[in-house]
Structures are given as C-alpha cells and as structure tokens.
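Engineer: Mind having a look at this structure? Questions to follow.
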Amino acid sequence: MTIASSPRFAAFASVAALSAAAFAATPAAAGGSAAAGLEDLRELNLIVLGNMSGGQDVEGKAYIGGNLSNGGTFGNGRSTAGRGFKASSHPTLTVGGNATGNININNGPNGGVANEITPSGALIGGNAGTVNLNASNSELIVGGSIGLTNGAGGATILAGGSLGGNSHPTGSDVHGGQGGGFSADLNALPGETATITADVKALAKTLAALGPTAGSGFNTADPNNTVLKATNGGAGYAVIDVSATELESFKNLIFNLPTVGSGYLTTIINVTGAGNFTFNFNDNNSAENPYVIWNFEGASTLDFNTQMDGSVLAPTSDVTNHSPIEGTLVAKDFTQGGEVHLGTFAGIDIGASVPEPSAWALMLTGFAGLGAILRRRRAFAAA
Numbered sequence: 051m052t053i054a055s056s057p058r059f060a061a062f063a064s065v066a067a068l069s070a071a072a073f074a075a076t077p078a079a080a081g082g083s084a085a086a087g088l089e090d091l092r093e094l095n096l097i098v099l100g101n102m103s104g105g106q107d108v109e110g111k112a113y114i115g116g117n118l119s120n121g122g123t124f125g126n127g128r129s130t131a132g133r134g135f136k137a138s139s140h141p142t143l144t145v146g147g148n149a150t151g152n153i154n155i156n157n158g159p160n161g162g163v164a165n166e167i168t169p170s171g172a173l174i175g176g177n178a179g180t181v182n183l184n185a186s187n188s189e190l191i192v193g194g195s196i197g198l199t200n201g202a203g204g205a206t207i208l209a210g211g212s213l214g215g216n217s218h219p220t221g222s223d224v225h226g227g228q229g230g231g232f233s234a235d236l237n238a239l240p241g242e243t244a245t246i247t248a249d250v251k252a253l254a255k256t257l258a259a260l261g262p263t264a265g266s267g268f269n270t271a272d273p274n275n276t277v278l279k280a281t282n283g284g285a286g287y288a289v290i291d292v293s294a295t296e297l298e299s300f301k302n303l304i305f306n307l308p309t310v311g312s313g314y315l316t317t318i319i320n321v322t323g324a325g326n327f328t329f330n331f332n333d334n335n336s337a338e339n340p341y342v343i344w345n346f347e348g349a350s351t352l353d354f355n356t357q358m359d360g361s362v363l364a365p366t367s368d369v370t371n372h373s374p375i376e377g378t379l380v381a382k383d384f385t386q387g388g389e390v391h392l393g394t395f396a397g398i399d400i401g402a403s404v405p406e407p408s409a410w411a412l413m414l415t416g417f418a419g420l421g422a423i424l425r426r427r428r429a430f431a432a433a
C-alpha cells in the first residue's frame, strides 16, 4: 500500500482540505467585505436594504433595495465645504422594486462644488410613479412602466413597459416598451443589493468586534450635557462602547474629537443591545459628523426623535426618524419622517472582516481533526 492510498493519509488529506477550504471560504462566510461596506458609506447618503416610505429630502445619493413609497427628493446636495460624498458611478437614486409617489431627481452641490451629484438620474427595477428630472441630461431607466415624467431637456428615458402622461421632456431621448431584461444595469440590481447587504452587515460585525479605546467614552458629570470624548489609542481611530439603554438617557450630546490633518479623529460608537429603542437627546455638532459612525449591530427597531449627528449603521433595524440624520443612514427598512443630510463618512479605513461563527467552527473542527490524526500517528509510530 502506498502512503497516498493509506486510510490515515486519506483522512489527513481530508481534514487538511477541510481546514484549507474553511480559510478560503472565510471572506464569503463572513457575509461580505467590511472594506467595501465602508466604501458604501462614503459613496451613498442613504442605504435601505429593504423597503422605504419616503417623502422627505435626501441630500446625497440613495440606494433602496426593495420598494420606495411616497416618493421624495434626492440629490439636493449641500453647499458646506467638507460635507459632501465620494464620487461614484451610482445614479442619484436606485430602487430595486417599485417606486411610487412624486420623485424629484436633482443635481445639487457636493460639499460646496456646484452640480456635482453625478451621474444624475434614477435606476428603478419595477414600476415608477411620477419622476421629475430637474437636472439636464439626466438618465431614467425603469424596468416596468412610468406613470409620468417631467423635467429638464437632454434626458434619456428608457422603460421596459409603457410611458404615461408627459414622458417626453423637450430634447429628450425617450423609449418605452423595451420589454424585460433590456438593461444590463437593471439585470444586475438583485446581485448588487445582495452584495451591498452582505458588505454593510460585515462592516457592522467588524466594528462591533473592536475593543474600546482607553481614554475614550462619555462624560456624564453634567447630566444635562453629555460629552463624547475620543482619543487616539494608536490605531488611528477611537472606539467607544455604550448600551442603547444608557444612550436613551442622554439629554444633550456634545462631540469632543481631536483634529487630524484637515479633519477629525475617526470615531466608532458601538451601541449594544438587541431590541427596540427610542432616542430623544439633542445634539448640534457639525464638522465632526463625517468622522463618526454609530454602529447598532443587532438592534431590531430604532426611532430617532432627535437629530442624529454622524452616520448610522443599522443593517438589521427598522429605522424611523423625525428629525434630520446628519450622515449616511444604513437600515433594513426605513420610515422617513425627517431629512437625510450630507456629508457621508469621511474617516479612515478600519479593521478587517470578521468570520461568521460558522466559519470559525468549521476551522476549529478542521484543526481538531488534524490534531487527532497527528496524535494517532505519533501513537502508531511509538508502537
């Protein structure tokens, strides 16, 4: 019998292959790329993995994986320097399903640079209600039918179904009845939504796994004015842990972040607690907001009765807001009762992907099996 054909070698090879496969599968098992999720927070002002009930403004670009109801205004922009977003190929609005209501697509300023929310337009997988293209040379691609389109000239309007109302703005290229699957961008939407979902969830897990930074935290000496203090522990960012219950008790929140170059220290606030939470504290920070991420990994329902400063990462949460969110919002589903403002996340890259428990279990099983085989081989040799 050759060594390669022996039962012991076969078992050894099997376990080794299992361990190697576990390592190879770790990024996929982790549910996506945390680095890509962080990039999503830089490029998009709003990410809703499921459905959204809109009706308010979103200053930057929005990605909605499911349906959009009640319309809204997208791409207003922000004229304040340093309160913009990272340029990307995303259109102003992406909707995976149907988009109903009155939808306005604008091309506002990106952090002080005029008319820079490009490419201007919308990509809608299902049917669309009324879409107002308020920027010249916009592009509207709809998988189903369009109820009504108004707007500036020079637009390109393509629909898989019928065109209703005034869907022929002056000087526009308009084509309805294209049929199913006519657009590669539309065909790619389900896969793109799955990828973004996996990436932002991986980011939430990665940030939640970071240990708190010594010297950083919330100073509650004045019960009416809680101060968020962040210090650089050597990694180039600060991590603060706080329970959702404690956060609910805050009345007024003040940021105290050290400057780093022309910006501020990147600060991650991991909010612990799985459940339903309502926040009522006041905060009126400004320039620091693009450097702060509130990570609600595992929360199921969030209700913001107050302005929220910084990006909100809540990929497992049904989110409702009643006042502006000053940064990127990531939510499972979103009921919009207040605006979503720029700027998006502008901090540094943080951490690496964290494997799912199943991936760790697979690797540990492989290591345990490998160790058992090696012990048996030593015992056999000793005999």
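What the sequence shown shows, in the numbering used here, is residues 51 to 433, in sequence order. All C-beta atoms, glycine included, are put in the ideal place defined by N, C-alpha and C. Note that this is a predicted model, so its numbers are computed, not measured.
CB G125 to CB G110, shorter than 9 Å?
Structural biologist: yes
Engineer: Which first and last residues belong to the alpha helix (DSSP H) in which E93 is found?
Structural biologist: 84-93
Engineer: With H, G and I counted as helix, E and B as strand and the rest as coil, what does DSSP make of A288?
Structural biologist: strand
Engineer: How far does the beta strand (DSSP E) with D383 in it extend, from its first residue to its last?
Structural biologist: Taken as a continuous stretch (DSSP letters only), the beta strand (DSSP E) holding D383 covers 379-386.
Engineer: Is V404 helix, strand or coil by DSSP?
Structural biologist: Any answer about V404 is weak, because its pLDDT of 44 lies below 50 and its placement is not dependable; what the coordinates show is given next. Reduced to three states, the DSSP call for V404 is coil.
Engineer: Report the three-state DSSP secondary structure of E296 (helix, strand or coil).
Structural biologist: helix
Engineer: Using the three-state DSSP reduction, which class does G241 fall into: helix, strand or coil?
Structural biologist: helix
Engineer: For P141, I'd like the list of residues in its chain whose CB is within less than 8 Å of its CB, leaving aside the five on either flank, ordered along the chain.
Structural biologist: If we look at P141 and ignore the five residues flanking it on each side, its Cβ neighbours are K111, P169, S170, G171, A172, L173, E189.
Engineer: So the beta strand (DSSP E) K279 belongs to, where does it begin and stop?
Structural biologist: 276-279
Engineer: Please report how far the alpha carbon of S233 lies from the alpha carbon of A85, in whole angstroms.
Structural biologist: 29 Å
Engineer: For A264, which residues from the same chain have a beta carbon less than 8 Å from its beta carbon, with the 5 sequence-adjacent residues on both sides left out?
Structural biologist: Result list for A264: T281, G283, in chain order.
Engineer: Around the C-beta of S293, are 16 or more other C-beta atoms found within 10 angstroms, so that it is buried, or is it exposed?
Structural biologist: exposed
Engineer: Quickly, what does DSSP pair R133 with across the bridge? List them, please.
Structural biologist: Answer is none; R133 lacks a bridge partner.
Engineer: What ranges does the alpha helix (DSSP H) occupy inside the region 290-367, keeping only unbroken runs of at least 4 residues that lie completely in it?
Structural biologist: 294-298
Engineer: Return helix, strand or coil for L213, following the three-state DSSP convention.
Structural biologist: DSSP places L213 in strand when its eight states are reduced to three.
Engineer: Check A254 in the structure and name its three-state DSSP category.
Structural biologist: Residue state, collapsed to three classes: helix.
Engineer: Just the C-alpha distance for L96 and S361, rounded to the nearest angstrom, thanks.
Structural biologist: 10 Å
Engineer: Tell whether a beta-carbon distance below 9 Å holds between G397 and N371.
Structural biologist: no
Engineer: Once you ignore the five residues that flank E376 on each side, which residues in its own chain have a CB closer than 6 Å to its CB?
Structural biologist: N339, D359, H391
Engineer: Among residues of its own chain, excluding the 5 on either side of A149, which ones have a beta-carbon nearer than 6 Å to its beta-carbon?
Structural biologist: L118, I174, A178
Engineer: How many angstroms separate the CA atom of K251 from the CA atom of G81?
Structural biologist: 7 Å
Engineer: Round the Cβ separation of G46 and G210 to the nearest angstrom and send it over; I've been treating them as touching at under 8 Å.
Structural biologist: What is shown of the chain runs 51 to 433, which leaves residue 46 out entirely.
Engineer: So S373 packs on F354, CB below 8 Å; how close in whole Å?
Structural biologist: 7 Å
Engineer: From which residue to which residue does the beta strand (DSSP E) around I398 run?
Structural biologist: Run containing I398: none; DSSP gives neither H nor E here.
Engineer: Helix, strand or coil: which one does DSSP assign to T247?
Structural biologist: helix
Engineer: Leaving out five residues before and five after E347 in sequence, what residues of the same chain have Cβ atoms less than 6 Å from its Cβ?
Structural biologist: A254, A258
Engineer: Starting from the C-beta of A63, find all residues in its chain whose C-beta is less than 8 Å away, skip the five residues before and the five after it, and write them out in chain order.
Structural biologist: Residue placement at A63 is flagged as unreliable, the pLDDT there being 35, under the threshold of 50; the coordinate-derived value follows with that caveat. Counting only Cβ-Cβ distances below 8 Å, and skipping sequence neighbours, we find nothing.
Engineer: In chain order, what residues of the same chain have a beta carbon less than 8 Å from the beta carbon of S139, not counting five sequence neighbours either side?
Structural biologist: Excluding residues within five positions, the ones whose Cβ falls inside 8 Å are P169.
Engineer: On the premise that A205 lies in contact with N187, defined as a C-beta separation below 8 Å, what is that separation, rounded to the nearest angstrom?
Structural biologist: 7 Å
Engineer: Rank R133, T378, T144, N154 by C-alpha distance to the C-alpha of A238 and give the top, closest one.
Structural biologist: T144
Engineer: In whole angstroms, what is the alpha-carbon distance linking S212 and S195?
Structural biologist: 5 Å
Engineer: Below 9 Å between beta carbons: does that hold for F327 and T356?
Structural biologist: no
Engineer: Considering only DSSP beta bridges, list what I167 is partnered with.
Structural biologist: DSSP lists no partner for I167.
Engineer: For T394 and L91, which I take to be in contact (beta-carbon distance under 8 Å), what is that distance rounded to the nearest angstrom?
Structural biologist: 6 Å
Engineer: Relative to the C-alpha of V310, which candidate in G227, A285, K301 has its C-alpha closest?
Structural biologist: A285
Engineer: Which runs of the beta strand (DSSP E), 3 residues or longer, sit entirely within the region 143-167?
Structural biologist: If you keep only unbroken beta strand (DSSP E) runs of at least 3 residues inside the region 143-167, you get 143-145, 149-155.
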